[in-house]
Structures are given as C-alpha cells and as structure tokens.
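Q: So for the sequence shown, the working numbering puts the first residue at 18; every next one is plus one.
Have a look at the structure that comes next, please.
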Amino acid sequence: MTRSTSAHSIDCIGPERPGGQGLDHNQEESGNLAIHKLLTSADGREWTDFVATARQARDGSWGYEAWALRGMVRWVRQYGPRGYTYQVIEAAGENPLERQDHRALNTLAEELAAAGNPDDVQRAFVEPDALTYPYAYERISQLFDSPNAPDLVVNPKSYAYGRQPGQHGALDVIQSRSPLVFAGPGVRRGAVVEAESKQVDIAPTVARLMGFPLIDGKDQTGRASSARGVAPDVYMERQDGRVLEEVLDPANGRPERVYIMLLDGQSHAELRHRLEEDPDAIPNLRRLIANGAMLEYGSITNFPSITWPSHNAIGTGAWCGHHDVVNPSYYLRETRETVSPQGQQFDTARFVGPGVETLYEAFHRVFGKWDGMAGAFTASINEPCTRGADHASLERRLVGDRGELIMLTKETEHEISPRWYNELEGDGHKLQGQIDNRALAQARQLFLDESHPAPILTYHEFAQPDSSAHDYGPHHEGAREALDETDVRIGHVLRTIEQRGLLESTLFVVTTDHGMATQDVSLRANPARIPQRDGMAAVTTEPLIYLRDLHVEVVVQRDGRTAQLTVLDNDAEASGEKPPVADAEILVSDHRDGKVARVITDANGVAGISIPADLEPAGLRLAIQADGFNSRHMRMDGSNFALNLREVLYRR
Ligand SMILES: [Zn+2]
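Here it is, written out as structure tokens:
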C-alpha cells in the first residue's frame, strides 16, 4: 500500500551545491538496480538496514528517499522559520525512519535489553526494529548538500559492518549518540539536562559562553541573516546548530578559555554505567561532570557517524554536507579521484570547504591573531579538526621545545596499560596508548610554556577509547580499561591547568564524535560493496557509493526517419562539461526485440541511426554499453527501462 502526495505544489529545496550527487534521470536504471541488489541479494538481506539517496526527477524537482526491505519513505525539504523543515510525501510498507526518538536505548541496560539480553555482551546485536534514527531527515538530507556526497549511502544494520568487535558510522541511535558535558563558568552546576542536543550545537554554545557577537552568517539553510531579512542571528559563519540554552547559567560568570576533550568513540551508555555502578572509577571525569551540566540523552552526531566528518562538524557547527569532509574517504567526481583525509591523517585542513568557519578561526576573528605574548592562541591536539589552529599536531605545526616535549612524554609513559602491548601487539596496534600519551605531553607543555599565552581554545582528541572499543567491543573490559586510562590523562590536564591558576576560569566540554555498536564479526559484512562486487560500475568508499553512469541524449530528426544519439560521462569535469564517451555500443531494437541497428559512438560520443519506415520512433528501444560504465536501457523518447522498486519490493 503506497501513500503519496504530489511534490509539485511545494517549494522543495534540493542539494545546496549540486555537483552530481544523488540520482538524476540518467541514473534511474543503475540507481534502482543498486538499491535492489543492496536490499535483496543474500548478503544484502543480512547486512543492509536501508539505502538513502537524493533523487532529481526529470522535471528537475528533488526529493530524498530511504529504502529498506520493510518499507520506504520519500520526503522533501523546505525553508522553515528556523532552518529547514521536512515533509514526508510518500511511504510504502513500514517507514524505515519512522522512529526517531533521541532518548531511546540511553542506558546499558536498555541497550542490552534491545539486543535480547544475550549471555555474552559481545553478542549484543540490535536489530533495526529495536532502534531509532534521531533527526533522520535532517541528517540524511544535509549529506547531499555537498558535491562530494555520493549517489547512494548505505546504512548497515547496527551489528553488520566489518571485522572488528566494535563499529560505528550508521544513522541509528547507538552509533550516533555522544555523551556531552559542559563544566565551568557560565554553565549550570551539577545539572542533568533533558534537552535535545546535536553535535552542531556545541560550537554556537561555546561561542555564546565566550561572549561572541552575533554575525550576519548562514543558518542551517545556507542563507545569511541579511538574505533571510533578519538582524545578525548566528555566531558562526555557517551555523547548523543552536545555542544549548538549557545548560547555561548566566549567573555563574563567563569563561576566559575553552578546553574541548573529545573521547573518541566513547559510548554514552558505557560512560553512564561507569558513573552509576562504579563509584571509585573515573574520578576526574566524575568531578568535571559533578560540577557541570550533562545532557541526559547525550547529543546526536553527524551522519555518517565517523571520525573525520564528525570532528569537523563539532569544530565548525556545520554538518559534513556543509563542511565537505563527507566521509573518511570520498570520491571527487570532477577529477575522478578518491581522497582519504582520515587515511592520510596529516595535513587535512585543506579538505574542509570554504563555506564554513572553524572554532579556531572564529576565536581569532573575535579575540585577534596570536603574536608572541599577545593575542589569542589556539591549539588542536591530535584533533582532526585543525584549520586555523596555531598549534595543530595533525598539520605538523608544533609550538614548544621538542626536547621538553620528549621529557614530558617520558614522565607519563608508565601509565600506559601493558594490556595494549600484550594483547594487541602484532596487530598493527603498537601505538595504543602511546599516541594519547604524546598528546597529553603536548597539552601539558602548551599550558606550562610561558613563552606564549595559555590557549584560549584547546580541542584535544583522546584516541584510546575508540581504538579499544573497536578492538574489544564497546562493552568489553578492554574498552572500560581504556576509559580508566583516559581519565588518568584528563587528571593530568586538569592539574596542569590548575597549576597555572586557570582551572576556575576554564570552560570544559567533554564529548565524543560518535557512538559504538557491538558487531557480529562472523558476518564479515560490508554492504556498500555489494553493487560493485556484483559487477556494477561504481566507486565505493564505504558507506558511500558513487555510480559510474552514461548520460544519453536522443534527438529524433524532424522527418522521424533518423535520430542522433550522444553519449557522455554523466560526471562533469571541473569545467562543468560532461566528457564524450567514444566507442559506446548502441543496440536498437523494436518492441518485439527485433534488431534494428548497431552503432558505435565517435570521438564526440555521437552516433546516428536510421529508423525503418514501418516503425514509430516511440516504439524503438536502445541498449547502450561502454567500458567502465553501467549500461543503459531506454526508449527513444528518453524514458528509462528501470526497475520499479515499489513493485518489486513491496507488492504483496
Ligand atoms: Zn572516531
């Protein structure tokens, strides 16, 4: 049963910067075929939760879709009074994104119950029908605003991705929830706050607490305040989030600096469990939380819920579709190049797009540049968001004496658990603990070194919780030990800042970039690879799929006796032109599949055919094939022979 309303009467807003992302008319056949394979192949049935896309109809209008075996949903995006609004215009079967409660599965007990309370926490696998997908329409739609976005994005089932016991990246609430704590001046003390929160809310909240001025910047719709006809109303150049007013206490003063501690991949449910069930554990985090405001239901992160996109969403206040680092790895259609900021780790600031401002840049805009002992000094410590930071280890910009840094590193080396070396050595994990220990030394040095001002903004990545939760699973003792070790490092940071007499004037933010879900490693699942594995022409950077398709134009000459066919690469080059495809084979047949003609395109991608006098042009069918592209099957009038997904998936 399909319920559908027309999108034509509504002013729908498609991708902000179209550049080939999503499916267009030339990709109807390949897009539907890929979705069908992702959902109905033997592996797809086991691994895939849903597939999402932005689709442009032949009339140019845009809609957004999510397809699952259990049903589909299509929605459109519009301008609302505060940001975008989303309207469902079609649903068939069960809307896979129907449940969006951000409060679901908030505790370890709830998560384990949703998994059927397995005897072994390593088997805490949660099926889609027990999950929710907070802010699903917003978080999927934003991805497709970037020209770096894929044609299709695959959401694996929460337990079905890869060969590690812990994983993340999906839209579901387990993988998307981050703990979030604010502690310090301007913030409520000892409060558990029930407000809704997204990770793009952190930057504007920090800006408000630091007394930034409102500016004529872009809101979530990408339009500046002036373009929206209102007074300056945002704190960041692009601000997708809001100020979390619920955590503020203006009577509690104003911070002089900010220190963001990002506990990569730390499960919110696990953190709460340790706080509630283990009173002697994690004393430093406990003290920060007791003196601050903790979001009861955490805060919902970027989609995909993966490190590089999520860190930069926190650091810019804008979703990945707006800061352009859409995934750890992604494909640039214009240059036919796959880039991997997360793979290269270093020098990745250049991948962050011009349409956003980082917190470092915003701090320097408000408080001035760093100049010796004057101005504002900002620091990115092993943090993937780097652009504009004075000290940025992942840009190889290190401030401070190298010898002293080595000495500080040695001082705390003995605090690294031997467990990582003993259990994980030989698996490419020799640096477990070492990386965070070196980051700690940087943090201490930046506050001890009096040759520059104390950092007004520090954004500090703790990698250990993520590595251990991947290697052991989020609820395993190994992941808990990583949190304990991280808490010791947080203690060092707090003591160093206290030594400088700056503890009481510093605002601390504790959060993560994504959640972590227990994986069924026996599946060795990788749903996004299914179409390519099955022979489709695509570039796959999991969970993103970029189809390689042909743009075909048919011009039937006026006399109805001949037609000109032009075959182009559907991905435009940097010039904006779609390059011609030479040597494409075009088979023409009549409606009874009788062969009419076979032609090959020339260097301009052009071929001509003659139409037999007894046949109507509309009755002719075309099959087009070219090396490296998905083949096309269409009518002479340009309409496609594509799978009718509604028919094949939901006809009962
Ligand atoms: Zn991460």
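Note that CB positions come from ideal geometry on N, CA and C, so glycine has one too.
Computed from a prediction, not measured in an experiment: that's the story for all the values here.
Taking Cβ positions, are residue 327 and residue 192 nearer each other than 8 Å?
A: Cβ distance not < 8 Å, so residue 327 and residue 192 don't count as in contact.
Q: Consult DSSP for residue 398 and reduce its assignment to one of helix, strand or coil.
A: If DSSP states are grouped into helix, strand and coil, residue 398 belongs with the strands.
Q: Between which two residues does the beta strand (DSSP E) holding residue 681 run?
A: Limits of the chain in this structure are 18 at one end and 669 at the other, which puts residue 681 out of reach.
Q: Which two residues bound the contiguous alpha helix (DSSP H) that contains residue 665?
A: Residues 662-667.
Q: Which whole-angstrom value is the C-beta distance of residue 70 and residue 48, which I expect to be below 8 Å?
A: At roughly 7 Å, the Cβ-Cβ gap stays under 8 Å, so residue 70 and residue 48 are in contact.
Q: Measure the Cβ-Cβ separation of residue 476 and residue 312 and say whether it is below 8 Å.
A: No; because the gap between Cβ atoms is not below 8 Å, this pair is not in contact.
Q: From residue 166 to residue 160, what distance separates their C-alpha atoms?
A: The straight-line gap from Cα to Cα measures roughly 6 Å.
Q: Could you spell out where the beta strand (DSSP E) holding residue 368 opens and where it closes?
A: No beta strand (DSSP E) contains residue 368, which DSSP labels as neither H nor E.
Q: Specify which residues have a beta carbon nearer than 6 Å to any heavy atom of ligand 1, listing them in chain order.
A: This criterion selects 281, 282, 324, 483, 530, 531.
Q: Give me the Cβ distance between residue 523 and residue 274, rounded to the nearest whole Å; I'm assuming they're in contact under 8 Å.
A: Between residue 274 and residue 523 the Cβ distance is about 5 Å, and since that is below 8 Å, they are a contact.
Q: Helix, strand or coil for residue 458, going by three-state DSSP, please let me know.
A: Residue 458 falls in the helix class under three-state DSSP.
Q: Between the beta-carbon of residue 527 and the beta-carbon of residue 278, is there less than 8 Å?
A: Yes.
Q: Can at least three beta-carbon pairs, one atom from the stretch 122-132 and one from the stretch 141-148, be found at a separation below 8 Å?
A: With a cut-off of 8 Å, the stretch 141-148 and the stretch 122-132 count as touching, because enough Cβ pairs lie within range.
Q: Could you tell me the distance, in whole angstroms, from the CA atom of residue 448 to the CA atom of residue 207?
A: Cα to Cα, residue 448 sits roughly 36 Å from residue 207.
Q: Have a look at 398, 304, 77 and flag the residue whose alpha-carbon is nearest the alpha-carbon of residue 363.
A: Of the candidates 398, 304, 77, the one whose C-alpha sits nearest the C-alpha of residue 363 is 398.
Q: Hey, out of 407, 605, 472, 558, whose CA is closest to residue 360's CA?
A: With distances taken between Cα atoms, residue 360 lies closest to 558.
Q: So residue 470 is in the alpha helix (DSSP H); what residue range does that whole segment cover?
A: Segment: none, residue 470 is in no alpha helix (DSSP H) and carries neither H nor E.
Q: Between which two residues does the alpha helix (DSSP H) harbouring residue 424 extend?
A: Unbroken alpha helix (DSSP H) run through residue 424: 419-428.
Q: Could you spell out where the alpha helix (DSSP H) holding residue 596 opens and where it closes?
A: Element bounds for residue 596: n/a, residue is neither H nor E.
Q: Could you tell me the alpha carbon to alpha carbon distance between residue 314 and residue 308, rounded to whole angstroms?
A: Their Cα atoms are separated by approximately 18 Å.
Q: Would residue 149 and residue 117 be called neighbours here (beta carbons separated by less than 8 Å)?
A: Against a cut-off of 8 Å, the Cβ pair of residue 117 and residue 149 comes out as a contact.
Q: Kindly list the residues whose CB is nearer than 7 Å to the CB of residue 662, restricted to its own chain and excluding five residues on each side of it in sequence; keep chain order.
A: Excluding positions up to five away in sequence, the list reads 49, 52, 53, 84.
Q: Just to confirm, is the Cβ distance from residue 651 to residue 573 under 8 Å?
A: Against a cut-off of 8 Å, the Cβ pair of residue 573 and residue 651 comes out as no contact.
Q: Counting only runs that start and end within the stretch 30-87, where is the alpha helix (DSSP H) found for 4 or more residues in a row?
A: Counting whole runs of 4 or more residues, the stretch 30-87 contains the alpha helix (DSSP H) stretches 45-57, 59-64.
Q: In terms of DSSP beta bridges, what is residue 478 paired with?
A: Bridge partners of residue 478: 279.
Q: Compute the distance between the beta-carbons of residue 123 and residue 566, then report whether it is under 8 Å.
A: It is not a contact, given that the beta carbons lie outside the stated cut-off.
Q: On a CA-only basis, which of 90, 221, 568, 355 is nearest residue 153? Give me that one, please.
A: Ranking 90, 221, 568, 355 by Cα distance to residue 153 puts 90 first.
Q: Check for me: the alpha helix (DSSP H) holding residue 379 runs from which residue to which?
A: 376-384 is the extent of the alpha helix (DSSP H) around residue 379.
Q: Do residue 233 and residue 220 have their CB atoms nearer than 8 Å?
A: Going by C-beta atoms, residue 233 is not nearer than 8 Å to residue 220.
Q: Do you know how far the Cα of residue 92 is from the Cα of residue 667?
A: In a straight line, the C-alpha of residue 667 is about 18 Å away from that of residue 92.
Q: Given 8 Å as the limit, is there contact between the stretch 602-619 and the stretch 634-651, that is, 3 or more CB pairs closer than that?
A: Result yes; three or more Cβ-Cβ pairs closer than 8 Å.
Q: Express the C-alpha separation of residue 170 and residue 29 in angstroms, rounding to a whole number.
A: One C-alpha to the other measures close to 21 Å.
Q: Mind checking residue 254: buried by the 16 CB within 10 Å criterion, or exposed?
A: It is buried - the Cβ of residue 254 has at least 16 other Cβ atoms within 10 Å.
Q: Within the chosen definition, does the stretch 386-401 reach the stretch 420-436 through at least 3 CB pairs nearer than 8 Å?
A: No: the two stretches stay apart, fewer than three of their Cβ pairs being nearer than 8 Å.
Q: So the candidates are 343, 209, 320; which of them puts its Cα closest to the Cα of residue 305?
A: When each option's Cα is compared against that of residue 305, the closest is 209.
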